[in-house]
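For the sequence shown, the UniProt record's numbering begins at 1 and goes up steadily by one.
Just so it is clear, CB atoms sit at the ideal spot from N, CA and C, and this is done for glycine as well.
Reading through the structure tokens given below for one structure.
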Amino acid sequence: MFDLTNIFTNNVEIIIQITSETPTKLFKTGLNLTDNLSIIRKELKEKGIINDTLFFLKKIAESNNDDDDFSEISLENEENSLLNDVIEENNKTLYLKKNSNQDWKFLNELHRLEYGCTMTFDGIKKGYRKAFITKDCKMTEIGTEGCRKGKFEFNSNKDRMMMKNLFFISDTNVESFINLGISDENSRNNNNIEPEISHLYAEYGKVSLKFGDYLEPTTEFINAVEDASKSGDPAKFKKITEEFGQFIPTEVTLGGRAYFKENNSKCARLSEASNDSGGYCIYIIGGQQPNSLEEFDEKSWVKSLIDYKNWGCIEFRNPISIFQLLPDYLRRKIIYSLGKRIHYSKVENFNYSLKECGRPVVFELNIPSHISKIIRNKDADCNFFATVADAERSKNEFFHCQILYPPNGKPSITIHCIQKNFRKRLCKLKIGWMVIGYNTDLNFLNDFNVQLKIIETNFSSSNDQTMIFDTGLEYNSNNIPLCLGIPVLNKLDSSNESLIIGHHFFNNQTKKEIGLCTFSYCLKNKRYVNLPNFTFYTLIISNYSNPNAFGTIPFEHSLFKKPYINLYNQPDNLNTRYISLYSTKKSSVPIFIKQDVKKISIKYINCNCKTCSVCKKDKKLKRSENSIECAFFNPIY
């Protein structure tokens, strides 16, 4: 039978004596004699009696209490050692001493290295919830090469952010978190640029800790990510970074660094042979802190760094997003929960000679190598969008673009010039194009407010010149999602090279959905024709970092002009927008859209057959209806 009296018999009052303290520290507390030392350590830490710098001792001689009469019990052997086996039986005393050598676990706990970080202009800000557990660490002592004096200066917010947050070697990840920190500070109106500043410094690096391969996310962190993924609200991930931090440095240098204001004398120089660093101290990291900076004694401060308990974090390296260290399945959940991002956007000037009616010009995309790498990653699931604007504001013609994306081929843009009567001419255009896909590198999550989604709809060739399609998007008069679209062809040959595929979105109030109307026109035969095989990309923008970058604009109506939108007051760099027509009523009327650098207008194209389904409809909207708007998006706003 289990004997409960054993529990109470083994719980006795123990004297805790720390032999390495002067004067000797004594504590009394109740402990279980049959517990191993790992359990005892945990209990004593919870009671605030010890920390990881203290090691248990076992007395091996009776002559005196000098340190030489004790053997130190290593951390690895604590689980195999019972309290009853190491205490002094006569007076029930448990002896401990400070470890004379630095211990990475103590340093890890002291400096909260398992907590995520955020960059600010005032320095590193630690998350208040623990993101990781460090299972191991590679600790390397730094010799004389860690002692150096020098000078640094910064004259930009980027330099300021980097230096204040103790990053002195830049890479793509560091750049990303610097930009994110600056963006966060600007959003809080903390964007004052300090004047050009230079400081002298004295640095004494003691050890380097590398633990990137040994970090495991805490259960608390994992649960927070799971909840955010299920919520469907990207803002929840922003909240996670506020609580757990944005990134964690995977290499930290500990030691001491002192900053000095340079003397006014132009001759002031650092003296390698002197303790005088050439100025007066303005800031200290690590070491024993003086009562005031005016009392700072560099020699005494350097001497205090002999004790590793006085070290501070003096440099961070190799930061990585806290999300990047999660299990694969969770990273995928984050990627899809956050939606797609614009990986690349560009506006280019393009001139070409129009020589043949109906034949398009193919605009080749010069895609940077790092973007090509993203496109090749199938998990990124990239899509292409394009827009075209007439730089010369021609009156009797307009331009239409489509994406050409052959299987296993390079994407490009096909551009048609639509004229009432064909004439050869030199066309001067502005071409905008962008690559949108999932952000598979979680180190570069820089805006949780962006909400982009793309629907791909495959159309098979049909016997209809127009087709109505339900996008599946819910129609809500109080919150209508912005939709933009573009047709995508997988081949270009004689069967489709003269076809232009138009579209517009509309409110299907009966079904309470957003509808899509597509139609096809042949420029050679000048008539509406049956729709070919193609894919249609619908870009849905629910939110964007700059709310002015997207929206809808109503057309102006006058007695003698077709509906139009005046862009005269807009800067030139904002006048190449991605646009689609949007009707507040269900309509299958084929309407095209014309964009030049100063105006957007709608266009109707005559059909020569006079007998098709399009010809039998009223091909023009009545002015009294006033139901057409222009949906727009400008990512460079």
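How would you call residue i, buried or exposed, if buried means at least 16 neighbouring beta carbons within 10 angstroms?
i	result
Phe560	exposed
Asp85	exposed
His504	buried
Asp103	buried
Val362	exposed
Asp390	buried
Asp184	buried
Leu254	buried
Glu556	exposed
Glu315	buried
Lys309	exposed
Leu499	buried
Gly232	exposed
Cys313	buried
Ser613	exposed
Pro635	buried
Lys512	exposed
Gly205	buried
Lys610	exposed
Tyr201	buried
Per DSSP, what are the beta-bridge partners of residue i in this structure?
i	result
Ser198	Glu153
Lys346	Trp433
Met467	Thr518
Arg425	Leu354
His557	Partner(s): none; His557 has no beta bridge.
Phe632	Gly551, Ile579
Tyr438	Lys340
Gln249	Looking at the sequence provided, one finds Pro at residue 249 rather than Gln. DSSP lists Pro319 as partners of Pro249.
Tyr528	Tyr521
Asp103	In the DSSP output, where bridge partners are listed per residue, Asp103 has none listed.
Thr29	Ile14
Pro563	Looking at the DSSP assignment, Pro563 forms no beta bridge with any residue, so it has no partner.
Gln595	Ile600
Rank the options by C-alpha distance to the C-alpha of residue i and give the top, closest one.
i	options	result
Tyr259	Glu153, Ser170, Gly339	Glu153
Arg317	Phe247, Lys261, Lys125, Ser353	Phe247
Glu629	Pro635, Ile579, Val614	Ile579
residue 639	His400, Ser321, Phe448	This structure gives no information on residue 639, because the portion of the chain shown stretches from 1 to 637.
Met467	Asn533, Gln509, Gln451	Asn533
Ser208	Asp464, Thr241, Leu200, Glu145	Glu145
Ser292	Tyr280, Glu114, Tyr95	Tyr280
Ile374	Ile455, Lys149, Asp441	Asp441
Cys147	Gly437, Lys303, Glu513, Lys524	Lys303
Arg527	Lys562, Ile553, Pro590	Pro590
Phe398	Phe384, Ile415, Leu404, Asn383	Ile415
Lys379	Leu325, Gly358, Asn396, Tyr438	Note that residue 379 is Asp in the sequence shown here, rather than Lys. It is Tyr438.
Thr218	Tyr115, Ser170, Ser187	Tyr115
Asn525	Val450, Phe469, Thr510, Ile605	Ile605
Thr34	Glu21, Ile240, Ile14	Ile14
Cys117	Ser462, Gly472, Phe244	Phe244
Asp213	Pro319, Thr241, Thr93, Leu31	Pro319
Lys603	Tyr329, Gly502, Trp311	Gly502
Glu242	Leu180, Trp301, Pro290, Gly286	Leu180
Residue j and residue i - do their beta-carbons sit closer together than 9 Å?
i	j	result
residue 666	Val597	For the chain, the structure presents residues 1 to 637; residue 666 sits outside this window and is missing.
Pro234	Gly127	no
Ile18	Thr29	no
Arg577	Phe632	yes
Cys211	Lys138	Going by the sequence as given, residue 211 is Phe instead of Cys. Yes, the pair counts as a contact, with Cβ atoms nearer than the cut-off.
Val435	Tyr582	no
Ile199	Lys261	Before going on, a small fix: residue 199 reads as His here, not Ile. Yes. Within cutoff.
Glu203	Arg160	no
Ser627	Lys585	yes
residue 638	Glu141	Past the edges of the chain, shown from 1 to 637, lies residue 638, and the structure says nothing about it.
Thr538	Glu456	yes
Phe132	Ile322	yes
Tyr124	Asn165	A small fix is needed here, since residue 124 is Ile in this sequence, not Tyr. A contact, by the Cβ cut-off of 9 Å.
Leu426	Asn490	no
Phe459	Leu523	no
Lys107	Phe56	The question names Lys, but residue 107 is Leu in the sequence shown. No, the Cβ-Cβ distance between Leu107 and Phe56 is not below 9 Å.
Lys92	Ile73	no
Ile50	Leu113	no
Between the region 406 to 416 and the region 502 to 522, can you find at least three pairs of beta-carbon atoms closer than 8 Å?
no
Indicate whether the contact test is met: 3 or more Cβ pairs, each with one atom in the region 421 to 429 and one in the region 489 to 500, closer than 8 Å.
no
Segment contact, 8 Å Cβ cut-off, at least three pairs: the region 348 to 359 with the region 429 to 437:
yes
Take every Cβ of the region 74 to 88, pair it with every Cβ of the region 31 to 41, and state whether three or more of those distances are shorter than 8 Å.
yes
Determine, using beta-carbon pairs with one atom in the region 218 to 225 and one in the region 324 to 339, whether at least three such pairs fall under 8 Å.
yes
Count the CB pairs spanning the region 468 to 482 and the region 539 to 547 that are closer than 8 Å, and state whether there are at least three.
yes
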